[in-house]
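Residue numbering for the sequence shown follows the working numbering, starting at 1 and increasing by one per position.
Cβ coordinates follow ideal geometry from the N, Cα and C atoms, glycine included.
Let me begin by presenting the structure, written as structure tokens, before commenting on it.
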Amino acid sequence: MASKPPTGDPVQDAPQVEAPKHAAAGLPAIGHTLLMAQQQMGLRRTAQTLLKVNQKDGFDCPGCAWPEGDKRHTAEFCENGAKAVAEEATLRRVTPDFFAAHPVADLATRSGYWLGQQGRITQPMYLPEGGERYEAVTWERAFEVIAEELTALGSPDEALFYTSGRTSNEAAFLLQLFAREFGTNNLPDCSNMCHESSGSALTETIGVGKGSVSLEDLHQADLIVVAGQNPGTNHPRMLSALEKAKSAGAKIISVNPLPEAGLEKFKNPQTPQGMIKGAALTDLFLQIRIGGDQALFRLLNKLIVETEGAVDELFVRELTHGYEEFKAAAREADWDRTLAATGLTRTEIEQALAMVLASRRTIVCWAMGLTQHKHAVPTIREVVNFLLLRGNIGRPGAGVCPVRGHSNVQGDRTMGIFERPAPAFLDALEKEFGFAPPRHHGYDVVRSIEALRDGRAKVFFAMGGNFVGATPDTEVTEAAMRRASLTVHVSTKLNRSHAVTGRRALILPTLGRTDKDVQKSGRQFVTVEDSMGMVHASRGNLTPASPHLLSEPAIVVRMAQATLGAKSVVNWAEFEKDYATVRDRIARVVPGFEDFNAKVAHPGGFQLAHAPRDERRFPTATGKANFTAAPVEAPELPEGRLLLQTLRSHDQYNTTIYGLDDRYRGIKGGRRVVLVNPEDARELGLADGSYTDLVGEWKDGVERRAPGFRVVHYPTARGCAAAYYPETNVLVPLGATADVSNTPASKSVIVRFESAGREGGVGE
Ligand SMILES: Nc1nc2c(c(=O)[nH]1)N[C@H]1C(S)=C(S)[C@@H](COP(=O)(O)OP(=O)(O)OC[C@H]3O[C@@H](n4cnc5c(=O)[nH]c(N)nc54)[C@H](O)[C@@H]3O)O[C@H]1N2
Ligand SMILES: Nc1nc2c(c(=O)[nH]1)N[C@H]1C(S)=C(S)[C@@H](COP(=O)(O)OP(=O)(O)OC[C@H]3O[C@@H](n4cnc5c(=O)[nH]c(N)nc54)[C@H](O)[C@@H]3O)O[C@H]1N2
Ligand SMILES: [Mo]
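Listed below in structure tokens is the structure:
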């Protein structure tokens with residue numbers, strides 16, 4: 001029998017399935033938005049918030065990092081942005097009485113959905129050693145506890161400071177400043193699990209780890225390739241940009257194991273015509289096997305190289321390095337191996353090639369479908385090769401477009417949240433503040449977990465996020481976290497990480513993006529950087545969820561004061577009083593932020609410089625854009641197994657579950673589903689609607705099991721399966737990470753199926 005999934009809360013996971021949708025957004029999306037928003041916030045707050053999202057005088061949407069552009073609509077948000085806002089601006093509250101009624105052991109049995117639905121946390125809470133429940137605590141005592149634990153450590157490197165990507169630039173800058181004055185570079189962040197592979201590949205090849213296109217470039221492109229991304233759910237406002245590009249004549253190729261609704265057809269809710277008719281967005285759908293992208297791009301590159309006049313010879317000669325070596329490797333690409341790795345047909349690849357050759361301006365957009373594989377970094381390098389060949393970097397309508405996740409994940413990194421900071425950044429910090437920051441590298445996310453597991457790290461502090469919920473190998477990670485002496489979470493809402501604690505634990509409730517932030521010098525704003533390097537202000541306008549909340553910058557300041565005391569050479573107090581003083585420091589430390597306060601006063605903000613985009617200058621080790629020639633890899637699949645990708649449903653924001661539906665994929669009322677190609681299902685004896693356990697297989701021989709998934713026959717690529725994260729994180733081995741970037745390979749997990757009456761595995 002397939003074992004029963006954990007329940008423990010009144011929410012039943014009973015998925016219903018209907019046919020997947022072909023179009024995204026449109027009227028149902030608007031109805032859904034308003035309904036969810038009103039249930040959480042009531043009418044008044046719904047109007048107060050939704051009209052301010054992404055406006056120049058409003059707050060940055062806490063959803064995704066897609067840019068806003070210069071012309072804004074009255075309603076510059078999407079269904080999923082509105083859900084993110086409603087989740088934060090909810091009227092529901094988690095008070096000390098709640099914690100009195102729910103011991104930690106009880107919280108540990110609840111689903112992420114249930115925890116999130118309880119509302120905003122209102123007071124600092126403390127779990128003493130041996131305690132069963134969190135108790136209300138004063139802020140003074142909370143910071144004293146942190147200081148006690150941090151100062152008792154044998155070395156500053158026994159502390160970990162995690163950042164999730166909603167944190168503002170100001171808070172992020174202060175957090176890295178504190179960590180480094182305290183003495184460590186242990187600054188893991190969600191980026192380690194997200195676009196780290198993009199950063200690694202781009203820094204090496206073009207010299208800047210960020211995307212090289214603006215919204216305007218998308219509008220001007222001839223060809224946009226969208227690979228490994230589901231914008232209809234995760235970046236819905238991107239669909240408007242694609243639609244605009246299309247109406248100006250662009251072609252779109254989508255490369256994905258799944259036919260994702262928004263890419264097939266988009267009904268633009270911002271225009272009355274779009275709402276009814278909808279536009280077909282994709283011209284060519286390449287239904288690729290999981291992990292087949294490097295092989296695909298390599299073959300396309302070979303075909304480009306071999307086509308007379310297709311290579312931009314002048315660009316390649318003047319501005320790139322390593323072309324000959326790359327060309328030799330590309331020549332070896334082979335049709336049969338590529339067709340096997342990609343699952344595509346020769347005709348499909350030839351169609352793609354024709355579109356590539358017809359395009360003068362090409363952009364490749366990608367997200368987690370490319371970054372979360374063992375060979376993610378060489379895959380993205382191959383995308384860069386593809387663009388370099390035809391000179392598609394550093395001119396209008398062309399370039400690389402890694403589409404970021406969290407709304408300020410890019411800004412946090414710019415502010416120095418990085419376990420491997422550049423020496424120049426540390427020099428600037430030293431010069432500005434007058435202390436010597438540590439120079440040795442710190443731990444990223446995976447290494448942090450290993451350090452906790454092995455007793456090398458003892459204090460875990462998180463600026464937002466849901467560390468144990470988002471990281472791989474759930475059982476290993478949770479056991480590691482329980483070994484900590486202190487776990488601290490700066491949070492807006494409850495999540496799994498509050499239930500998996502060290503010997504002592506703290507929950508520090510904080511203001512969210514939508515909340516008004518008033519300090520001694522008056523009302524404050526913070527700043528963020530979007531996926532295309534635009535930096536702008538964000539101002540909340542709601543009465544905070546509770547009078548006891550502190551802002552993220554205030555929390556870091558007080559932690560620093562309590563921990564470092566008179567030893568600190570930094571004037572922390574001024575930072576809490578007036579965030580403009582933080583920006584003055586950023587202006588002197590971070591390149592591109594000179595005159596920060598003046599520049600950010602401009603409505604809409606300012607764009608950061610990007611040498612490859614602006615000047616076709618490539619600040620790499622060779623001083624040129626680098627071609628690379630890694631061997632082509634593709635995941636190998638043993639008999640009777642499928643390659644599982646762990647992805648997002650339409651009703652979630654990472655580990656925050658808004659609801660139990662995945663509307664576009666036709667799933668309702670439950671999340672424990674596994675999507676399997678009907679042909680594979682037939683071969684494996686997996687009947688539609690039957691239940692199965694997913695059992696992960698990896699070279700360490702450890703059995704990893706996610707019980708009780710409903711099989712859904714679904715048009716995914718052959719050999720591939722899909723199920724939602726975080727329920728399946730238990731299957732992702734801690735050691736299964738991308739080469740170079742060390743990002744967990746959450747999109748390629750080998751699984752077998754153990755169904756009722758078929759113990760020992762299907763196909764054995
Ligand atoms: N509403 C909402 N918005 C979000 C988020 C959210 O959870 N909810 N999360 C935010 C964050 S942090 C991020 S990083 C982004 C994530 O945005 P996405 O990357 O779009 O998120 P995933 O759901 O992980 O989807 C991965 C996509 O890649 C495809 N894919 C999987 N494996 C492969 C492969 O090997 N090759 C190719 N070509 N495709 C593949 C999948 O079928 C899927 O379409 O979204 C951000 N925005
Ligand atoms: N298997 C698998 N695992 C994955 C992924 C995957 O595709 N598959 N994706 C990975 C990716 S791309 C990412 S980015 C990570 C995400 O990892 P995280 O960023 O750690 O996780 P989130 O679920 O986004 O964090 C949600 C929590 O953030 C807190 N929060 C929300 N807003 C605020 C705020 O304004 N301030 C503060 N202080 N706290 C706030 C709330 O308490 C909420 O519960 O997960 C990664 N894990
Ligand atoms: Mo992400």
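- Contact fails between the segment 525-536 and the segment 491-510, because fewer than three Cβ pairs, one in each stretch, are under 8 Å apart.
- DSSP places V740 in no alpha helix (DSSP H); its state is neither H nor E.
- Chain order is used for the residues whose beta-carbon lies nearer than 5 Å to a heavy atom of ligand 3, namely C194 and G405.
- Minimum Cα-Cα distance from I288 among the listed residues D693, A82 and V255 corresponds to V255.
- Distances between the C-beta of K747 and the heavy atoms of ligand 1 include at least one below 7 Å.
- In the structure shown, the three-state DSSP call for M125 is strand.
- Under DSSP, E135 shares a beta bridge with Y126.
- Within its own chain, the residues whose Cβ lies closer than 6 Å to the Cβ of T487, once the five positions on either side in sequence are excluded, are F460, T501, G502 and A505, listed in chain order.
- Exclusion of L675 from the 7 Å shell around ligand 2 follows from its C-beta lying no nearer than that to any non-hydrogen atom of the ligand.
- In this structure, the straight-line span from the alpha carbon of L388 to that of V316 is close to 7 Å.
- For A537, DSSP records a beta bridge to T527.
- Residues of the same chain with a CB within less than 6 Å of the CB of T33, apart from the 5 flanking positions on each side, are E79 and A82 in chain order.
- D739 and S746 have their C-alpha atoms spaced approximately 13 Å apart.
- In this structure, L299 lies near T338, with their beta-carbon atoms less than 8 Å apart.
- By the CB criterion at 8 Å, L429 and R180 fall inside the cutoff.
- Between the beta-carbon of L734 and that of I449 there is about 6 Å, and that keeps the pair under the 8 Å contact cut.
- Around F596, the same chain offers R583, I586 and A587 as residues with beta carbons nearer than 6 Å, after the five sequence neighbours per side are excluded.
- A direct Cα-Cα distance of roughly 37 Å separates P603 from T184.
- As computed with DSSP, K251 is found in a beta bridge with L223.
- The way I'd put it, the segment 613-626 does touch the segment 315-332; three or more beta-carbon pairs between them come closer than 8 Å.
- Pairing T342 with L284 gives a Cβ-Cβ distance that is not under 8 Å.
- Residue pairing for I290: DSSP places it in no beta bridge.
- By the C-beta criterion, the segment 221-240 is judged to be in contact with the segment 386-403, since at least 3 inter-stretch pairs fall below 8 Å.
- About 6 Å separates the CB atoms of A499 and V104; that is less than 8 Å, so the two are in contact.
- Taken through DSSP and simplified to helix, strand or coil, V208 comes out as coil.
- Going by DSSP, S448 is part of the alpha helix (DSSP H) stretching over V445 to R453.
- DSSP, read as helix, strand or coil, puts G183 in coil.
- Distance from the CA atom of Q351 to the CA atom of V590, rounded to whole angstroms, is 45 Å.
- C720 sits in a strand when the DSSP states are folded into three classes.
- For W114, the enclosing alpha helix (DSSP H) stretches over residues G112 to Q117.
- Within 10 angstroms of the beta-carbon of S212 lie 16 or more other beta-carbons, which makes it buried.
- The beta carbon of Y579 sits closer than 7 Å to those of E170, Q524, V526 and P553, all from its chain and outside the five residues before and after it, given in chain order.
- Beta-bridge analysis with DSSP links P402 to W366.
- Taking a cut-off of 8 Å for Cβ pairs, the segment 666-680 and the segment 709-716 touch, as three or more such pairs fall below it.
- Every unbroken stretch of the beta strand (DSSP E) spanning 3 or more residues and falling wholly within the segment 657-716 is given here in chain order: 673-676, 691-696 and 704-713.
- Shortest gap from the CB of S551 to any heavy atom of ligand 2: 7 Å or more.
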